[in-house]
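Report on one structure; see the data block that follows.
Protein chains: 2
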Amino acid sequence: MKVAVIQSHILVGDFAGNAERLLAAYKKAVASGTEIVVAQEDAIAGYCEGDQRFYPSFLQAHDAALSVLAKNIGDVGLVMSVTVPNGGQGKPLFNMGVLIQHGTIKNLQAKTNLATDTVFNDYRWYEPNTLGIEIFEYRGLRLAALICQDLWEKYDAAHGEHFFTRYPISELKGKGVDLLLVPNASPYWWGKGSVREEMVRDVTRELGCAVLYANYWGGQDELVFDGRSFIMNKDGVVIGVAPAYADAVVVADLAGPEVGYFSDQDDINALEDALVISLRDYVEKNRIKGVVIGLSGGIDSALVAALAVKALGPEKVVGVRLPSAYSSDGSLTDALALAKNLGIRLETVPIADVYETLRKSVTPLIGFHEPGEIAGDVTEENMQARIRGMILMAFANRFGFIPIATGNKSEFSVGFATLYGDMCGGFALIKDVLKRDVYRLAENCNRDGIMIPKNSITKPPSAELRPNQVDSDSLPDYPTLDPILELHIEQSKGVEEIVAEGFDRKTVKRVVLMTARAEFKRRQAPPGPIVSKEGLAWLNRQYPISTKFLP
Amino acid sequence: MKVAVIQSHILVGDFAGNAERLLAAYKKAVASGTEIVVAQEDAIAGYCEGDQRFYPSFLQAHDAALSVLAKNIGDVGLVMSVTVPNGGQGKPLFNMGVLIQHGTIKNLQAKTNLATDTVFNDYRWYEPNTLGIEIFEYRGLRLAALICQDLWEKYDAAHGEHFFTRYPISELKGKGVDLLLVPNASPYWWGKGSVREEMVRDVTRELGCAVLYANYWGGQDELVFDGRSFIMNKDGVVIGVAPAYADAVVVADLAGPEVGYFSDQDDINALEDALVISLRDYVEKNRIKGVVIGLSGGIDSALVAALAVKALGPEKVVGVRLPSAYSSDGSLTDALALAKNLGIRLETVPIADVYETLRKSVTPLIGFHEPGEIAGDVTEENMQARIRGMILMAFANRFGFIPIATGNKSEFSVGFATLYGDMCGGFALIKDVLKRDVYRLAENCNRDGIMIPKNSITKPPSAELRPNQVDSDSLPDYPTLDPILELHIEQSKGVEEIVAEGFDRKTVKRVVLMTARAEFKRRQAPPGPIVSKEGLAWLNRQYPISTKFLP
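As they're listed, the protein sequences go chains A and B. Note that this note's numbering gives residue 669 to position 546 of the first sequence, counting from 1, and the numbers run on in steps of one. Note that this note's numbering gives residue 627 to position 504 of the second sequence, counting from 1, and the numbers run on in steps of one.
Following this line, the structure appears as structure tokens:
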């Protein structure tokens, strides 16, 4: 028996377009002889539609598109999930698993375990399934559909993350299911690929059935979906697989040979792909004409520019050097070398004149000091960073571009970034990438020849906002800072637990305090892709600004 | 029998301090002869602690403080809710109603209806109660505790907002409950006061019991709690009441006389109070030294300055006039008159020099145009707004102040505000106040003599960023815009529904489109108090940036 998964670009709110693409992929799968087709979660609306679900016209447009699709579905069943009104008590909607066949939509059951943690908020809109998991006969086989989170039981339980009272996989155990059909909208985090493969393999062992796993691909605001839909037979062998970040129709014979999963799915290239796709989709979906990046000669802006070129091509990327009196010659030549390597337009706008005029204008108000002259006072440093932001925004406004903020996760965590300065931009591409991984990504960019100048990678990180400044004046060295942040942010560990892992107490306290104090800045940070299990976006990390508790 | 509610300031994460204040209030109530005391929801932690709940040290500190409190509770019971670990399946915590007596903590039942809509996200952390609502004997009476949302059944059901499958009030019907004890963390919206009173009156009628309603007071980031805890007897008569925005111990005899509720609780003063308290608490909780406000001579900045003076006193408020070449003389004199009326320090920093220097610096990059010269191009206007923002931020950085963004809800909705310009600031005080209500608040500020100059109120609104500019060049008139926004944002109505209410289709489409397109700006807006049923904060309105659906 041939079976199929179809993998689509995530396009929120494009009801008719999504339905059209689903139908085209369905027809292709049917033409290849498949007997069942599985598509994504909330396949007509695009899953990330948030409170748009509350507008009456949302459901009208959704249902109209779904009807058109259903009319065109024949003898080969299409399984996916859709948003349907809940006529009964509770939340207004269901995330409903459906089997469409012969023009008819049959409800199977709603999503049972509504993800309402990390980046998820399903319970805001949906009522969970309170019935059993439906098993239905189909061409002599016994089939069941589970929606995304419903599948994650084993992994979550093993990691203390099973926040549900239902165990859908266990409920299906011993019931003779032959095929498990799983529509997903499963956002990417770096390392998830192999976790997903192993988790599904566990399911095939536990239930003795094949699994058809359909996922979205693409960037959607702060989320990225990597696709990689696949079909695994009952022996845990991958027999069909879709590429990352591409539309795909995967048809496999259940008795067919192993095709292998993705050996490189968790390596540094996968992280690069996620960042590149997220930027490309954000720019395309919002009809942005291009991106402008302040090139300091440092590694962060160099990496962002290199990724932007991969995402958009060199024509849509403009670099601007914004030297101050404290910029080294090396910074200018490093930025120039980068621009040449990338083939992008490079402009130079010195900020000294504006800075001097601004200083003169504000001296009667705030006095006159050299940057760094007053210990702990960053006024003059911030002024320079904000002039740079203003120039980039002027370019962006005139030409319909957006600036890309170049701050990394280490900086955004502890607040080592200037609000409305280097934090300004339409997208903060590497805000969920620790400095450690910025280096790895930069080295990786140079795999086929130098794109990012060696000097940008090897020189000590500096904001160059006062004489002889280096980051380590203000922060612990990154090799100390990053592991602390990983424990604190990604694993929710407090001071005591981090100290217990062998870190210096004073340093840990300082990092935890800086992280708490920087919450007000993160609230105003540009959106940027979440690529770790715990990013810094409010969507992912909901932390008060005003609190007396320090973890 | 005497009964008591105690009302505390909301102080998130101040476990020991909260416990201490609860104990002091408890003792005071006991000294007044009360036989039962009701305190707030999540009374030890402060309810708005978000993901801080996930740190192990959170529960340790929470439980230590709770133990100290419990040891000091004697024969008179204390009822409130606290955060306790869920040892079983599901979410890691319960929001548990407890009766503390004789040093012992007795669990009643967990919060049943977990609010997970509008500004709430209870399901992110808590598992709901799946048992019945406990009724317990206490000094010859039958008592039950419900936590906040559990009480709202009648109102929610009447307004199509009951998103739960449980109806806790109905479950208690006919069970002979004498006293219903309700710990709350119930955020304010303008108009909620009378709704709350009527809702509780319905409950007393339905159950034939008295209700003890304990609430927080104070500002917590984007939420405001108005307090106004009260005791209503079984005949629906208010017999004890706490003031808004103050610590209080309210003791009442169940047979005591009517004290009346708050006749003015929903008037314009109530809205003013909510804004004032929210700013005061934000500033105090975050140890901010003062606020700086760009005074344009217009009504928005004038109102914000007047509210800031009410919140912080004139010494902590600094006004800065930031005239451009397009500022009228009237604007300067209006701002001066305002500062004199308010008794605040007024500074003046013309932006023309910086603007000219900036223009010269960026001319090679983006060309040279007069503001407004290119239709639809706002580059030069934004440059001026951003120079102003930069000057305010320089003052803020130097002196430990924050700027208050002066944009109102009408502007933030349609994006009529400059990111990093007039949108910059630590707090956006009136971002949930429609222009209509800005006028009402301004008039109200003048109730005891002129604070806001008449001219600021009566002249046509203008950003003064290009020659002879008025808001109505870019926006529908506010009397048209505001009702459309109210329908669209506060009532989630789309184009068709709004047109059906008699508005011009072209205008409605334009407003809805502008609102959708401005989502990227709102994501980077400063936090500001939510004072309506549907504010613009992400906490409250979760709307994608990238979407093809227009409601």
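A virtual CB, placed ideally from N, CA and C, is assigned to each residue, including glycine. Keep in mind that this is a model prediction, so the values were computed, not measured.
Rounded to whole angstroms, the gap between the alpha carbons of L459 (chain B) and Q343 (chain A) is 48 Å. DSSP places P208 (chain B) in the strand class (E or B) of the three-state scheme. Sequence-ordered contacts of the stretch 127-138 of chain B with chain A read L134, V135, G136, D137 and F138 [C-beta pairs closer than 8 Å]. Judged by beta-carbon spacing, G544 (chain B) lies within the 7 Å limit of A508 (chain B), meaning their Cβ atoms are closer than that value. Cβ contact annotation for L134 (chain B) (same chain, cutoff 7 Å, sequence separation greater than five): G140, N141 and G169, in chain order.
Ranking A:K277, A:L302 and A:S451 by CA distance to the CA of E321 (chain A) puts A:K277 first. When 8 Å is used as the limit between beta carbons, V485 (chain A) is near these residues of chain B: V472, I514, A517 and F518, in chain order.
If you draw a 10 Å sphere on the C-beta of P649 (chain A), you find 16 or more other C-beta atoms in it, and that means buried. Within the stretch 398-430 of chain A, those residues whose Cβ lies closer than 8 Å to any Cβ of chain B are, in chain order, D404, Y405, K408 and N409. Listed along the chain, the chain B residues whose CB falls inside 7 Å of the CB of P366 (chain A) amount to none; the nearest CB is some 22 Å away. Within the model, the alpha-carbon separation for A639 (chain B) versus S579 (chain B) is close to 30 Å. With a threshold of 16 other beta carbon atoms within 10 Å, E624 (chain B) falls short and is exposed. Between K629 (chain B) and N244 (chain A), the alpha-carbon positions lie close to 34 Å from each other. Scanning the stretch 404-446 of chain A from its first residue to its last, the whole alpha helix (DSSP H) runs of 4-plus residues come out as 422-435. Per DSSP, reduced to three states, the secondary structure at V305 (chain B) is strand. Contact between N505 (chain A) and T529 (chain A) fails: their C-beta atoms lie close to 16 Å from each other, not under 8 Å. Closest in C-alpha terms to L295 (chain A), from the list A:D273, A:G283 and A:G316, comes A:D273. The Cβ atoms of V374 (chain A) and S131 (chain A) lie no closer than 7 Å to each other. A distance below 7 Å between beta-carbons, with the five flanking residues on each side excluded, links V242 (chain A) to the following residues of its chain, in chain order: P310, L346, I653, L662 and N663. As the crow flies, the alpha-carbon of E566 (chain A) is around 16 Å from that of L398 (chain A). With contacts defined by Cβ atoms closer than 7 Å, M637 (chain A) and V485 (chain A) do not form a contacting pair. Taking the Cα of W312 (chain B) as reference, the smallest distance to any Cα among B:A434, B:S401 and B:P215 is reached at B:S401. If you compare the alpha carbons of B:Q614, B:K632 and B:Q647 with that of F177 (chain A), the shortest gap goes to B:Q614. Looking at the DSSP output, R570 (chain B) sits in no beta bridge, so it has no partner there.
About 7 Å separates the Cβ atoms of F524 (chain B) and I411 (chain B), confirming a contact at the 8 Å cut-off. Close to Q647 (chain B), with beta-carbon spacing below 7 Å, are these residues of chain A in chain order: Q647 and P649.
T206 (chain B) and K234 (chain B) have their C-alpha atoms some 10 Å from each other.
For P526 (chain B), the enclosing beta strand (DSSP E) stretches over residues F524 to A528. Rounded to the nearest whole angstrom, the CA to CA distance from D279 (chain A) to I167 (chain B) is 30 Å.
For D186 (chain B), the secondary structure class from DSSP, reduced to helix, strand or coil, is helix.
Against chain A, a Cβ distance below 8 Å from L488 (chain B) picks out V443, E470, V472, I514, A517 and F518. Of all residues in the stretch 168-183 of chain A, the ones placed with a Cβ closer than 7 Å to any Cβ belonging to chain B are C171, E172, G173, D174, Q175, F177, Y178, P179, S180 and F181, in chain order. Contact between G651 (chain A) and L488 (chain A) fails: their C-beta atoms lie close to 34 Å from each other, not under 8 Å. Residues are counted here when their Cβ sits less than 9 Å from a Cβ of chain B; for the stretch 192-217 of chain A these are G211, Q212, G213, K214 and P215, given in chain order. Short of 7 Å from the beta carbon of I573 (chain A), and not among the five residues preceding or following it, lie these beta carbons of its own chain, in chain order: N464.
Residues of the stretch 270-281 of chain A that bring their beta carbon within less than 8 Å of a beta carbon in chain B are absent altogether.
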